[in-house]
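Going by our numbering, the first residue of the sequence shown is number 33, and it counts up by one from there. Have a look at the structure below, then the notes.
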Amino acid sequence: MNLTGKVCIVTGGASGIGRATAIKFAAEGASVVVADVNEAEGRITAEDIQRNSGRSLFVKTDVTVYNEVEQLVQTAVDTFGSLDIMFNNAGIGRYKPLLDHSPEDFDAVVKVNQYGVYYGILAAARKMRELGTAGTIINTASVFAFMASPGVIGYHAAKGAVKMMTQAAALELGEFGIRCLAIAPGGVDTPIIQGYKDMGIADKMARQHMRKQLQKPEHIANVVALLASKEADAINGSVVMVDDGFAEFK
Ligand SMILES: NC(=O)c1ccc[n+]([C@@H]2O[C@H](COP(=O)([O-])OP(=O)(O)OC[C@H]3O[C@@H](n4cnc5c(N)ncnc54)[C@H](O)[C@@H]3O)[C@@H](O)[C@H]2O)c1
């Protein structure tokens with residue numbers, strides 16, 4: 033158990049990668065605060081962990097509202113005594129060709145996928161510094177921080193920003209012993225890729241992986257848990273590809 037005694041927050045913990053990671057963190061011995069706008073599904077994640085003798089709490093949180101993210105961090109500390117790992121993972125997609133992608137679509141995606149990550153970095157780092165915790169902040173980027181794909185220009189903007197915010201935060205937080213890194217998943221079979229399924233390109237996406245299939249959320253969760261542990265202490269400021277070779281495949 034690599035995360036015994038650690039206190040973790042997982043945003044987007046009601047579904048997909050976030051849910052799988054919350055469950056994995058708990059299996060590795062951590063106390064896990066599950067945060068999401070989806071209260072019903074978020075509670076199910078926390079209850080699942082509790083049923084398996086883990087420690088978990090659901091906190092309804094909209095990551096696009098800084099005060100809510102700050103309150104989430106405070107609740108984690110008040111409930112479990114510290115904050116060691118912040119996983120800024122909540123995200124949405126809007127799938128439309130560029131010429132139909134409205135400014136409202138762009139704003140909505142950037143608000144969750146970019147501002148949500150920025151708010152998570154800021155609130156967690158401020159609290160870790162206040163408590164003197166050499167914590168770890170992990171952000172969910174995407175292979176689409178590096179590669180173009182059709183129909184998701186706002187998503188590209190936000191994930192590219194996550195990559196650079198991760199590097200900039202690692203640079204400035206290093207003096208406090210805080211690591212900041214990101215993951216770049218390829219195609220993972222979760223509700224967020226429904227838009228690709230609707231556009232009829234999910235199968236093509238699956239074939240772009242070295243093993244020709246979409247990944248499962250658990251594949252990503254296993255890597256996040258490793259990155260959050262002391263075993264990965266040498267990794268900082270990097271965006272770790274978690275994509276079965278998707279970004280290497282032409
Ligand atoms: N599935 C993929 O192929 C893939 C690939 C690369 C990156 N990602 C990224 O992984 C992350 C998790 O996505 P997923 O695949 O698990 O999708 P998902 O749809 O299963 O989970 C996303 C979660 O984020 C939550 N969420 C949305 N807006 C929120 C808000 N304002 N505040 C709090 N929570 C909010 C949703 O309710 C949902 O529970 C996202 O950042 C996504 O961009 C996914």
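C-beta atoms are modelled at their ideal positions from N, C-alpha and C, and glycine is treated no differently. Every value quoted in this text rests on a predicted model; they were computed, and no experiment measured them.
Would you mind giving the Cβ-Cβ distance between residue i and residue j, rounded to the nearest angstrom? I have them listed as a contact below 8 angstroms.
{"i": "V101", "j": "A155", "result": "5 angstroms"}
{"i": "G192", "j": "K128", "result": "So it is not a contact: roughly 18 angstroms between Cβ atoms."}
{"i": "D137", "j": "G186", "result": "6 angstroms"}
{"i": "M160", "j": "F208", "result": "7 angstroms"}
{"i": "T93", "j": "T43", "result": "7 angstroms"}
{"i": "A46", "j": "T77", "result": "6 angstroms"}
{"i": "V144", "j": "V95", "result": "6 angstroms"}
{"i": "F299", "j": "V256", "result": "Here the chain covers residues 33 to 282 and nothing more, so residue 299 does not appear."}
{"i": "A214", "j": "V271", "result": "4 angstroms"}
{"i": "K244", "j": "A238", "result": "6 angstroms"}
With distance defined between alpha-carbon atoms, name the residue in the options nearest to residue i.
{"i": "T107", "options": "S88, V256, N121, I215", "result": "S88"}
{"i": "I224", "options": "N99, F281, E204, P249", "result": "P249"}
{"i": "M197", "options": "V141, G269, V66", "result": "G269"}
{"i": "G61", "options": "T53, D68, G219", "result": "T53"}
{"i": "M273", "options": "G125, T93, G148, I170", "result": "I170"}
{"i": "V149", "options": "T165, S114, Q199, H133", "result": "Q199"}
{"i": "Q240", "options": "M231, G219, H251", "result": "G219"}
{"i": "F57", "options": "T36, G164, D68", "result": "T36"}
{"i": "A201", "options": "C40, H188, R158", "result": "R158"}
{"i": "C40", "options": "I215, D235, I252, F90", "result": "F90"}
{"i": "D221", "options": "M33, K38, G48", "result": "G48"}
{"i": "V141", "options": "F176, I124, D132", "result": "I124"}
{"i": "L259", "options": "S174, G277, G167", "result": "G167"}
{"i": "A173", "options": "F278, D265, P217", "result": "P217"}
{"i": "G86", "options": "K244, M33, Q245, G227", "result": "M33"}
{"i": "K38", "options": "G50, A59, R51, S63", "result": "S63"}
{"i": "F278", "options": "E162, S114, M179", "result": "M179"}
{"i": "S181", "options": "L203, L130, D276", "result": "L130"}
{"i": "Q226", "options": "Q247, A266, D276, R126", "result": "R126"}
{"i": "D276", "options": "H188, G206, I252", "result": "I252"}
With DSSP run on the structure shown, which of helix, strand or coil describes residue i?
{"i": "F112", "result": "helix"}
{"i": "Q247", "result": "strand"}
{"i": "V220", "result": "strand"}
{"i": "K143", "result": "helix"}
{"i": "T43", "result": "strand"}
{"i": "D276", "result": "coil"}
{"i": "A173", "result": "coil"}
{"i": "D265", "result": "coil"}
{"i": "I287", "result": "The shown model of the chain, from 33 to 282, leaves out residue 287, and the question about it has no answer."}
{"i": "V97", "result": "coil"}
{"i": "F208", "result": "helix"}
{"i": "A122", "result": "coil"}
Looking only at DSSP bridge pairs, what is residue i linked to?
{"i": "I117", "result": "C40, T168"}
{"i": "V65", "result": "I41, L89"}
{"i": "V271", "result": "A214"}
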